[in-house]
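Structure record follows, encoded as structure tokens.
Protein chains: 2
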Amino acid sequence: MKNFIVVGHVAKTTPDFSLEDIPGTSGRIDILCRCVTAAFVLSHGIRRDVGVYLVLLGAEPSKIIYLQGTELKHLNPDERTTAALIKKALAVEATQEWSKSTPGIFVRTGGFAELVESGVELIYLRENGSDLRGVALPDEPVFVLGDHQGMTEDEEALLEKAGARVVSVGPVSLHADHCIVLINNELDIRAANTNVSELKDN
Amino acid sequence: MKNFIVVGHVAKTTPDFSLEDIPGTSGRIDILCRCVTAAFVLSHGIRRDVGVYLVLLGAEPSKIIYLQGTELKHLNPDERTTAALIKKALAVEATQEWSKSTPGIFVRTGGFAELVESGVELIYLRENGSDLRGVALPDEPVFVLGDHQGMTEDEEALLEKAGARVVSVGPVSLHADHCIVLINNELDIRAANTNVSELKDN
């Protein structure tokens, strides 16, 4: 299982945005939608071993939406369908406990700190980090990505305190969804190589 | 300069599709839109050294739209904005010569064969090809990608005749836009390594 945390600093926490103008009315939830697609969508199916936490900080109380690959349904590769799923999740009454929206999608109130302090092994994607292709990764990695604003100083301090490693996907600064594509591919390649090694060893 | 050719086998060649339901009304032009974004969009800007040919085969006469990074304007990372640019290009009267639509976007009638037979060095992205990370690439590569239907037997025959090499991005079958993200990243990494080597040599 691998998880991605994507922080939307201006993302709306209420469903009153327009699917006809997602970038202009939702606080850039379009960015989060593309991250969801990048994390889950395969040519013929869904990555079941992935989870995505979207942290929506555009209004109080802030909210977290969790998309869980094992249960996820109704996800299509286009941006608008994903935005409609997020809209539905934001219409669910959120408390400090997880509430279910559609299959595989859950929502609660909360922010970035709650996720970071849960004791998981964090990998923070940022320019000038260690080369993703060269770093050892835990079995259950949790990757942290900022939106178009990057991460705030306070968030970076939280990550440092939590022992997050800083990793970079390449020499050029990319959108979060493109970083997720690269991470999934790196993990695919490693998993395939491990399987080949295991076959040779047996 | 690197170019991508993406073939939309059912893509509409007329602008009468709805931006409110791109996947359902355009012959999956949403796939082409995501390929365009993957090819061009950086965190802070546009890749100027990229070109994308979209081949729209959903009706006769078929059309080719070319997006040229050096001149491209008005491209945003969201799907709908890109679809609106394609819609505009499809409203331009197309002939066998290139006609300009918006800055950096051109349209003509034509199909896949015209592009393949132009003598360029083609890299065809397909499952079970040689590993992208291990192959030598020409200075001006042209990558060919299919849509959700893959490529037809006739198209594959054309590619073989043109001497296209078959390359794969990894062990899992991915959408075309995700393949483009991986190709751009591989080329970014190679370019950065080349620059470092040149610095060391001097």
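Chain order of the listed sequences is A and B.
Going by our numbering, the final residue of the first sequence carries number 202, and the count climbs one at a time with no gaps.
Going by our numbering, the final residue of the second sequence carries number 1202, and the count climbs one at a time with no gaps.
Think of the CB as a built atom: it goes at the ideal place given N, C-alpha and C, for glycine as much as any other residue.
Examine chain A for any beta-carbon lying closer than 8 Å to the beta-carbon of ASP1030 (chain B), and answer yes or no.
Interface residue, yes.
C-alpha gap between THR14 (chain A) and MET1001 (chain B), whole angstroms
Cα to Cα, THR14 (chain A) sits roughly 44 Å from MET1001 (chain B).
I need the DSSP call for ARG1080 (chain B), collapsed to helix, strand or coil.
If DSSP states are grouped into helix, strand and coil, ARG1080 (chain B) belongs with the helices.
State the DSSP-derived secondary structure class of ARG28 (chain A), mapped to helix, strand or coil.
Secondary structure of ARG28 (chain A) (DSSP, three-state): coil.
Strand pairing of VAL1144 (chain B), partner residues [DSSP]
Answer by DSSP bridge pairing, in chain order: B:ILE1005, B:TYR1124.
Using the C-alpha atoms, what's the distance from THR1102 (chain B) back to LYS1088 (chain B)?
Taking the Cα positions, LYS1088 (chain B) is about 8 Å away from THR1102 (chain B).
Since ILE1123 (chain B) meets chain A, which of its residues come closer than 9 Å, beta carbon to beta carbon?
Chain A residues near ILE1123 (chain B): none, gap ~17 Å exceeds 9 Å.
Listing by chain order, which chain A residues have their CB less than 8 Å from the CB of LEU1042 (chain B)?
Correct list: VAL172, SER173, LEU174, HIS175.
When you compare only the Cα positions, how much space is there between SER1026 (chain B) and SER1018 (chain B)?
Their backbone Cα atoms lie some 7 Å apart in a straight line.
By how many angstroms is the C-alpha of GLY129 (chain A) removed from the C-alpha of ASN76 (chain A)?
The alpha-carbon atoms of ASN76 (chain A) and GLY129 (chain A) are separated by roughly 32 Å.
Considering only residues of the same chain and omitting the five flanking positions on each side of VAL52 (chain A), which have a CB-CB separation below 6 Å?
Same-chain partners within the cutoff: PHE4, VAL36, ALA39, LEU67.
If you measure between the beta carbons of GLY8 (chain A) and VAL55 (chain A), is that distance less than 8 Å?
Yes.
With 16 as the cutoff for other CB atoms within 10 Å, does GLY24 (chain A) come out buried or exposed?
GLY24 (chain A) is exposed by the Cβ-count criterion.
Output yes if chain A places a C-beta closer than 8 Å to the C-beta of VAL1036 (chain B); else output no.
Taking Cβ atoms only, chain A never reaches closer than 8 Å to VAL1036 (chain B), which makes this a no.
For THR207 (chain A), which of helix, strand or coil comes out of DSSP?
Summary: the structure shown does not reach residue 207 (chain A), with chain A confined to residues 1 through 202, and so no result is reported for it.
Does the beta carbon of LEU1182 (chain B) sit closer than 8 Å to a beta carbon anywhere in chain A?
The C-beta of LEU1182 (chain B) comes closer than 8 Å to at least one C-beta of chain A.
By DSSP, does PHE40 (chain A) sit in helix, in strand, or in coil?
If DSSP states are grouped into helix, strand and coil, PHE40 (chain A) belongs with the helices.
Along the chain, where does the alpha helix (DSSP H) containing VAL50 (chain A) start, and where does it finish?
Element bounds for VAL50 (chain A): not the alpha helix (DSSP H) but the beta strand (DSSP E), 50 to 56.
For the alpha helix (DSSP H) holding LYS161 (chain A), just list the boundary residues, first then last.
For LYS161 (chain A), the enclosing alpha helix (DSSP H) has its first and last residue at 153 to 161.
Taking ILE64 (chain A) as the reference, give the member of A:ALA83, A:THR95, A:LEU187, A:ARG80 with the closest Cα.
Nearest to ILE64 (chain A) by alpha-carbon distance, out of A:ALA83, A:THR95, A:LEU187, A:ARG80, is A:THR95.
Quick one: what does DSSP say PHE203 (chain A) is sitting in, helix, strand or coil?
This structure does not reach residue 203 (chain A), given that chain A is present from 1 up to 202, and the question cannot be answered.
Taking all protein chains shown into account, do 16 or more other C-beta atoms lie within 10 angstroms of the C-beta of ASP30 (chain A), making it buried, or fewer, making it exposed?
Its Cβ being crowded by 16 or more others within 10 Å, ASP30 (chain A) is buried.
Contacts around VAL169 (chain A), its chain only, beta-carbon distance under 6 Å, and the 5 residues preceding and following it disregarded:
Counting only Cβ-Cβ distances below 6 Å, and skipping sequence neighbours, we find LEU132, CYS179, LEU182.
Could you tell me whether the Cβ of ALA192 (chain A) comes closer than 8 Å to any Cβ of chain B?
Closer than 8 Å to some Cβ of chain B, the Cβ of ALA192 (chain A) qualifies, so yes.
I'd like to know if ILE22 (chain A) contacts chain B, where contact means its C-beta is closer than 8 Å to some C-beta of that chain.
True, the Cβ-Cβ gap to chain B drops below 8 Å.
Any idea what DSSP makes of THR1102 (chain B), helix, strand or coil?
Coil.
Host beta strand (DSSP E) of LEU1174 (chain B) (start-end):
No beta strand (DSSP E) contains LEU1174 (chain B), which DSSP labels as neither H nor E.
Hey, quick one: how far does the alpha helix (DSSP H) through LEU115 (chain A) stretch, first residue to last?
Where LEU115 (chain A) is concerned, the enclosing alpha helix (DSSP H) starts and stops at 112 to 116.
Taking PRO103 (chain A) as the query, report the chain B residues whose CB atoms sit under 9 Å from its CB, ordered along the chain.
Correct list: empty, because the minimum Cβ distance to chain B is about 20 Å.
First and last residue of the beta strand (DSSP E) that includes LEU67 (chain A)?
For LEU67 (chain A), the enclosing beta strand (DSSP E) covers residues 63 to 68.
Through-space distance from LEU1032 (chain B) to VAL1006 (chain B), alpha-carbon basis
Computed Cα separation, rounded: 7 Å.
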